[in-house]
Amino acid sequence: MPRVIVGPADFDPGTALATLEADAGAIASFIGIVRGTADNRPLAALTLEHYPGMTEQALARIADTAMTRWRLLDCLIIHRTGRLEPGARIVLAAAASAHRGDAIEAMTFLIDWLKTDAPFWKHETFRDGTARWVAPRETDQHARDRWIEP
Amino acid sequence: MKILYFAWLRERIGHAEATIDPPAGVTTIAELTEYLASLSPAHQRAFANRSAIKTALDQVFAPPETPLGDAQELAYFPPFTGG
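As they're listed, the protein sequences go chains X and Y. Per this note's numbering, the very first residue in the first sequence carries number 1; after that it's consecutive. Per this note's numbering, the very first residue in the second sequence carries number 1001; after that it's consecutive.
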């Protein structure tokens, strides 16, 4: 069963990956970490706002899509919310399959789609006291769209 | 009907949530957006660039022409930037 976890709590990557099917054959994972800078300016924190309810539904839909599109045994998405400092883990996306090709592709799909299709908004606070909302990137949209089936 | 604002829309409008009764004649998201934009100068500024704003009706993405129907919740937000 695909699983989705959303909230402020940190996660241990080893423990999280161990909850995927033990006899899978292959587990592919991605972990996103808060950068220390944005546009070469030192960052104090990244704050993640989200839409409780819609977020969980959107992530579950993305995970279900991966389960039907690739030969997966399991997949997992963890996304943190609230204030996170540089070096903190933000997100984990993982897919388990009997075959590495399916696991790696599905994991890439999960991270590409959760960036554009789940209701999260990043707010950057810089060390100089200024702050801004992160603008959506065209490259993220292209990364999403390459998975659209003809 | 419950109206939710997220990210810079919430900041510009000054609150995260409001309850409103759509006035007579307002039947779609686009029409309700026009009405909301007329509520105050802050609303007007927040809604100035309509193309940068997305909407979800009862937590499902919905384009401006979507009828409001019996929906309980309408959310306004900028494009997503998670991950």
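Where is the CB? At the ideal position from N, CA and C, for every residue including glycine.
Using a Cβ cut-off of 8 Å, pull out every chain X residue sitting near residue i, in sequence order please.
i, result
"glutamine 1044 of chain Y", "Residues of chain X passing the Cβ test: none, with the nearest at roughly 19 Å."
"proline 1064 of chain Y", "Neighbours of proline 1064 of chain Y on chain X: none; closest Cβ ~18 Å, over 8 Å."
"phenylalanine 1077 of chain Y", "Tyr51, Pro119 and Trp121"
Write down the C-beta distance between residue i and residue j rounded to the nearest angstrom, noting that I regard them as a contact closer than 8 Å.
i, j, result
"leucine 17 of chain X", "alanine 66 of chain X", "Incorrect: roughly 16 Å between the Cβ atoms, too far for contact."
"aspartate 140 of chain X", "lysine 115 of chain X", "5 Å"
"proline 1078 of chain Y", "tryptophan 113 of chain X", "About 18 Å separates the two Cβ atoms, so there is no contact after all."
"phenylalanine 1006 of chain Y", "glutamate 49 of chain X", "6 Å"
"leucine 72 of chain X", "alanine 95 of chain X", "5 Å"
"leucine 1068 of chain Y", "isoleucine 1029 of chain Y", "7 Å"
"leucine 43 of chain X", "arginine 127 of chain X", "7 Å"
Does residue i pass the burial test, meaning 16 or more other C-beta atoms within 10 Å, or should it be called exposed?
i, result
"aspartate 23 of chain X", "exposed"
"alanine 1024 of chain Y", "exposed"
"methionine 54 of chain X", "buried"
"glutamate 124 of chain X", "buried"
"alanine 1048 of chain Y", "exposed"
"alanine 1052 of chain Y", "exposed"
"valine 91 of chain X", "buried"
"isoleucine 148 of chain X", "exposed"
"isoleucine 78 of chain X", "buried"
"valine 1060 of chain Y", "exposed"
"alanine 131 of chain X", "exposed"
"arginine 1050 of chain Y", "exposed"
"threonine 1019 of chain Y", "exposed"
"glutamate 1017 of chain Y", "exposed"
Going by the C-beta, is residue i closer than 7 Å to any heavy atom of the ligand HEM?
i, result
"alanine 58 of chain X", "For the structure depicted, the ligand HEM is absent and the ligand set is empty, with no information on it obtainable."
Anything in chain X within Cβ reach of residue i, meaning under 7 Å, just list it in chain order.
i, result
"glutamine 1072 of chain Y", "None at all; the shortest Cβ gap to chain X is about 12 Å."
"threonine 1081 of chain Y", "Phe120, Trp121, Lys122, Val134 and Pro136"
Where does residue i fall in DSSP's three states?
i, result
"alanine 95 of chain X", "strand"
"glutamate 1031 of chain Y", "helix"
"tryptophan 147 of chain X", "coil"
"arginine 1045 of chain Y", "helix"
"arginine 3 of chain X", "strand"
"leucine 1074 of chain Y", "strand"
"isoleucine 1003 of chain Y", "strand"
"glutamate 124 of chain X", "strand"
"proline 1067 of chain Y", "strand"
"threonine 139 of chain X", "helix"
"glutamate 1017 of chain Y", "strand"
"alanine 1037 of chain Y", "helix"
"leucine 114 of chain X", "helix"
"phenylalanine 109 of chain X", "helix"
"leucine 17 of chain X", "helix"
Starting from the beta carbon of residue i, find every residue of chain Y whose beta carbon is closer than 9 Å, and list them in chain order.
i, result
"glycine 111 of chain X", "The displayed chain sequence assigns isoleucine, not glycine, to residue 111 of chain X. Under the 9 Å cutoff, chain Y gives Gly1083."
"histidine 79 of chain X", "Gly1082 and Gly1083"
So which residues on chain Y does residue i lean against when the C-beta distance must stay under 8 Å?
i, result
"valine 6 of chain X", "Within chain Y, no residue comes near valine 6 of chain X; the closest Cβ sits about 10 Å away, beyond 8 Å."
"threonine 125 of chain X", "By Cβ distance, chain Y contributes nothing, its closest Cβ being about 13 Å from threonine 125 of chain X, past 8 Å."
"leucine 48 of chain X", "Gly1082"
Starting from residue i, find everything on chain Y with Cβ-Cβ shorter than 7 Å and list it in chain order.
i, result
"threonine 116 of chain X", "Phe1080"
Interface residues of chain X around residue i at Cβ under 9 Å?
i, result
"phenylalanine 1006 of chain Y", "Glu49, His50, Tyr51, Pro119 and Trp121"
In chain order, which continuous runs of the beta strand (DSSP E) of length 3 or greater are located wholly inside the region 25-91 of chain X? Counting whole runs of 3 or more residues, the region 25-91 of chain X contains the beta strand (DSSP E) stretches 26-33, 41-50, 74-80 and 82-84.
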